[in-house]
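Residue numbers (the numbering used here): 170 to 356.
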(Lines of atoms letter the chains of each structure in order from A; the text may use other names.)
(Lines give C-alpha, C1' and ligand atoms only; values in the text may rest on other atoms or scores of the structure.)
Protein backbone atom coordinates (compact mmCIF):
# COMPACT_ATOMS: atom_id res chain seq x y z
CA UNK A 170 0.00 0.00 0.00
CA UNK A 171 2.95 2.32 0.45
CA UNK A 172 4.58 1.97 -2.96
CA UNK A 173 3.60 0.53 -6.32
CA UNK A 174 4.28 -3.19 -6.28
CA UNK A 175 5.11 -5.35 -9.28
CA UNK A 176 3.26 -8.58 -9.89
CA UNK A 177 5.68 -10.66 -7.79
CA UNK A 178 4.83 -8.71 -4.63
CA UNK A 179 8.03 -6.91 -3.70
CA UNK A 180 7.72 -3.11 -3.48
CA UNK A 181 9.63 -1.10 -6.03
CA UNK A 182 12.30 0.96 -4.29
CA UNK A 183 14.46 3.58 -5.97
CA UNK A 184 18.13 2.84 -6.51
CA UNK A 185 20.39 3.94 -3.64
CA UNK A 186 21.09 7.64 -3.91
CA UNK A 187 18.42 8.21 -6.57
CA UNK A 188 15.63 10.61 -5.80
CA UNK A 189 12.35 8.80 -5.22
CA UNK A 190 9.37 10.36 -6.99
CA UNK A 191 6.68 11.78 -4.75
CA UNK A 192 3.52 9.76 -5.31
CA UNK A 193 0.07 10.45 -3.91
CA UNK A 194 -0.98 7.61 -1.62
CA UNK A 195 -4.36 8.97 -0.52
CA UNK A 196 -6.50 12.09 -0.61
CA UNK A 197 -9.49 12.40 1.68
CA UNK A 198 -11.74 14.86 3.46
CA UNK A 199 -13.37 14.85 6.85
CA UNK A 200 -16.45 12.66 7.21
CA UNK A 201 -19.50 14.08 5.45
CA UNK A 202 -21.82 13.68 8.43
CA UNK A 203 -21.58 17.47 8.91
CA UNK A 204 -23.64 17.81 5.75
CA UNK A 205 -26.67 15.93 7.11
CA UNK A 206 -28.32 19.07 8.55
CA UNK A 207 -27.73 21.17 5.42
CA UNK A 208 -29.16 18.35 3.29
CA UNK A 209 -32.26 18.09 5.49
CA UNK A 210 -32.65 21.86 5.39
CA UNK A 211 -32.43 21.83 1.59
CA UNK A 212 -35.21 19.24 1.44
CA UNK A 213 -37.34 21.28 3.88
CA UNK A 214 -36.81 24.53 1.95
CA UNK A 215 -37.68 22.82 -1.34
CA UNK A 216 -40.86 21.41 0.21
CA UNK A 217 -41.84 24.74 1.74
CA UNK A 218 -41.24 26.63 -1.50
CA UNK A 219 -43.24 24.05 -3.43
CA UNK A 220 -46.12 24.23 -0.95
CA UNK A 221 -46.26 28.03 -0.58
CA UNK A 222 -45.62 28.98 -4.22
CA UNK A 223 -48.83 30.50 -5.50
CA UNK A 224 -50.54 30.13 -2.07
CA UNK A 225 -49.16 33.18 -0.27
CA UNK A 226 -51.41 35.87 1.26
CA UNK A 227 -51.83 39.17 -0.63
CA UNK A 228 -48.96 41.37 0.60
CA UNK A 229 -46.38 38.66 -0.24
CA UNK A 230 -45.30 37.57 -3.69
CA UNK A 231 -43.66 34.47 -5.02
CA UNK A 232 -40.55 36.53 -5.76
CA UNK A 233 -40.15 37.24 -2.04
CA UNK A 234 -40.56 33.54 -1.25
CA UNK A 235 -38.00 32.47 -3.82
CA UNK A 236 -35.56 35.20 -2.69
CA UNK A 237 -35.80 34.16 0.97
CA UNK A 238 -35.38 30.50 -0.01
CA UNK A 239 -32.32 31.40 -2.11
CA UNK A 240 -30.68 33.27 0.76
CA UNK A 241 -31.37 30.41 3.21
CA UNK A 242 -30.00 27.82 0.77
CA UNK A 243 -26.92 29.91 0.03
CA UNK A 244 -26.06 30.61 3.68
CA UNK A 245 -27.08 27.33 5.30
CA UNK A 246 -26.53 24.76 2.53
CA UNK A 247 -24.03 25.95 -0.08
CA UNK A 248 -21.52 27.64 2.25
CA UNK A 249 -21.24 24.66 4.65
CA UNK A 250 -20.75 22.36 1.67
CA UNK A 251 -18.04 24.59 0.20
CA UNK A 252 -16.33 24.81 3.59
CA UNK A 253 -16.34 21.01 3.89
CA UNK A 254 -15.20 20.58 0.29
CA UNK A 255 -12.31 23.06 0.65
CA UNK A 256 -10.72 21.13 3.55
CA UNK A 257 -8.67 18.15 2.37
CA UNK A 258 -5.84 15.93 3.53
CA UNK A 259 -3.27 14.42 1.18
CA UNK A 260 -0.82 11.66 2.05
CA UNK A 261 2.11 11.28 -0.32
CA UNK A 262 5.19 9.11 -0.16
CA UNK A 263 7.11 12.06 1.34
CA UNK A 264 4.68 14.04 3.52
CA UNK A 265 1.19 14.68 4.89
CA UNK A 266 -0.46 17.87 3.60
CA UNK A 267 -3.53 19.62 5.03
CA UNK A 268 -5.16 22.28 2.87
CA UNK A 269 -8.15 24.37 3.86
CA UNK A 270 -9.86 27.66 3.21
CA UNK A 271 -12.36 29.11 0.76
CA UNK A 272 -10.90 32.55 0.17
CA UNK A 273 -7.59 32.40 2.02
CA UNK A 274 -5.87 29.06 1.48
CA UNK A 275 -4.03 27.55 4.44
CA UNK A 276 -1.55 24.72 4.05
CA UNK A 277 0.28 22.65 6.66
CA UNK A 278 2.78 19.89 5.97
CA UNK A 279 4.60 17.23 7.96
CA UNK A 280 7.44 15.21 6.46
CA UNK A 281 7.64 11.42 6.88
CA UNK A 282 11.45 11.40 6.95
CA UNK A 283 11.64 13.40 10.18
CA UNK A 284 9.33 10.89 11.82
CA UNK A 285 6.39 11.68 14.04
CA UNK A 286 4.18 10.12 16.64
CA UNK A 287 0.60 9.25 15.75
CA UNK A 288 -2.08 9.61 18.39
CA UNK A 289 -5.53 8.27 17.57
CA UNK A 290 -8.65 9.29 19.47
CA UNK A 291 -12.24 8.28 18.90
CA UNK A 292 -15.25 9.57 20.76
CA UNK A 293 -18.52 7.66 21.08
CA UNK A 294 -20.15 9.38 18.09
CA UNK A 295 -16.99 8.88 16.04
CA UNK A 296 -17.09 5.16 16.83
CA UNK A 297 -20.68 4.96 15.57
CA UNK A 298 -19.68 6.59 12.27
CA UNK A 299 -16.34 4.74 11.97
CA UNK A 300 -14.29 7.93 12.13
CA UNK A 301 -11.62 9.32 14.41
CA UNK A 302 -9.06 12.04 14.94
CA UNK A 303 -5.34 11.60 14.35
CA UNK A 304 -2.76 13.91 15.86
CA UNK A 305 0.66 13.84 14.22
CA UNK A 306 3.51 15.35 16.22
CA UNK A 307 7.26 15.29 15.62
CA UNK A 308 8.13 17.36 18.70
CA UNK A 309 9.54 20.28 16.70
CA UNK A 310 6.84 21.56 14.37
CA UNK A 311 3.27 22.30 15.45
CA UNK A 312 1.23 19.11 15.55
CA UNK A 313 -1.06 18.34 12.65
CA UNK A 314 -4.62 17.27 13.53
CA UNK A 315 -6.62 15.21 11.07
CA UNK A 316 -10.15 15.57 12.43
CA UNK A 317 -13.09 13.19 11.76
CA UNK A 318 -11.18 11.01 9.33
CA UNK A 319 -13.16 8.14 7.78
CA UNK A 320 -11.51 4.69 8.20
CA UNK A 321 -9.17 6.15 10.81
CA UNK A 322 -7.47 2.81 11.54
CA UNK A 323 -6.53 2.36 7.90
CA UNK A 324 -5.18 5.92 7.65
CA UNK A 325 -3.21 5.35 10.88
CA UNK A 326 -1.66 2.19 9.42
CA UNK A 327 -0.79 3.89 6.12
CA UNK A 328 0.88 6.81 7.91
CA UNK A 329 2.92 4.46 10.11
CA UNK A 330 4.01 2.52 7.00
CA UNK A 331 5.00 5.72 5.20
CA UNK A 332 7.13 6.89 8.14
CA UNK A 333 8.85 3.51 8.32
CA UNK A 334 9.55 3.31 4.57
CA UNK A 335 10.79 6.91 4.41
CA UNK A 336 13.15 6.40 7.31
CA UNK A 337 14.46 3.12 5.89
CA UNK A 338 15.17 4.77 2.53
CA UNK A 339 16.80 7.78 4.19
CA UNK A 340 18.97 5.52 6.35
CA UNK A 341 19.93 3.40 3.33
CA UNK A 342 20.80 6.46 1.28
CA UNK A 343 22.90 7.99 4.06
CA UNK A 344 24.97 4.80 4.32
CA UNK A 345 25.34 4.16 0.59
CA UNK A 346 26.70 7.59 -0.30
CA UNK A 347 30.39 7.49 -1.27
CA UNK A 348 32.62 9.03 1.34
CA UNK A 349 34.85 11.85 0.21
CA UNK A 350 38.30 11.77 1.80
CA UNK A 351 39.17 14.85 3.83
CA UNK A 352 41.35 17.32 1.98
CA UNK A 353 44.64 18.49 3.28
CA UNK A 354 44.22 22.07 4.44
CA UNK A 355 47.95 22.76 4.60
CA UNK A 356 49.00 24.96 1.80
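Glycine included, every Cβ here is placed at the ideal spot set by N, Cα and C.
These figures come from a predicted structure and were not determined experimentally.
Sorted by chain position, which residues of the same chain lie with C-beta nearer than 8 Å to residue i's C-beta, five sequence neighbours on each side aside?
i           : result
residue 306 : 285, 286, 288, 312 and 313
Within 10 angstroms of the Cβ of residue i, are there 16 or more other Cβ atoms? Answer buried if so, exposed if not.
i           : result
residue 279 : buried
residue 281 : buried
residue 260 : buried
residue 216 : exposed
residue 265 : buried
residue 137 : What is shown of the chain runs 170 to 356, which leaves residue 137 out entirely.
residue 309 : exposed
residue 318 : buried
Tell me residue i's beta-bridge partners as DSSP assigns them.
i           : result
residue 197 : 258
residue 252 : Beta-bridge pairing links residue 252 to no other residue.
residue 278 : 266
residue 314 : 304
Starting from the C-beta of residue i, find all residues in its chain whose C-beta is less than 6 Å away, skip the five residues before and the five after it, and write them out in chain order.
i           : result
residue 283 : 307
Residues in its own chain within less than 7 Å of residue i by CB, not counting five upstream and five downstream?
i           : result
residue 227 : none
residue 325 : 287, 289 and 303
residue 298 : 200 and 202
residue 214 : 238, 241 and 242
Identify the continuous beta strand (DSSP E) that holds residue i and give its terminal residues.
i           : result
residue 269 : 264-269
Below 6 Å, is the gap between the Cβ of residue i and the nearest heavy atom of the ligand SAH?
i           : result
residue 300 : In the structure shown, the ligand SAH is absent, as is every other ligand, since no ligand is present at all.
What span of residues does the alpha helix (DSSP H) with residue i cover, start to end?
i           : result
residue 228 : First-last for residue 228: undefined, no H or E at that position.
residue 207 : 205-221
**OP:** Could I get the ranges of all uninterrupted alpha helix (DSSP H) runs contained in the stretch 280-309, with 4 residues as the minimum, in chain order?
**Re:** Counting only runs of 4 or more residues that sit fully inside the stretch 280-309, the alpha helix (DSSP H) segments are 293-298, in chain order.
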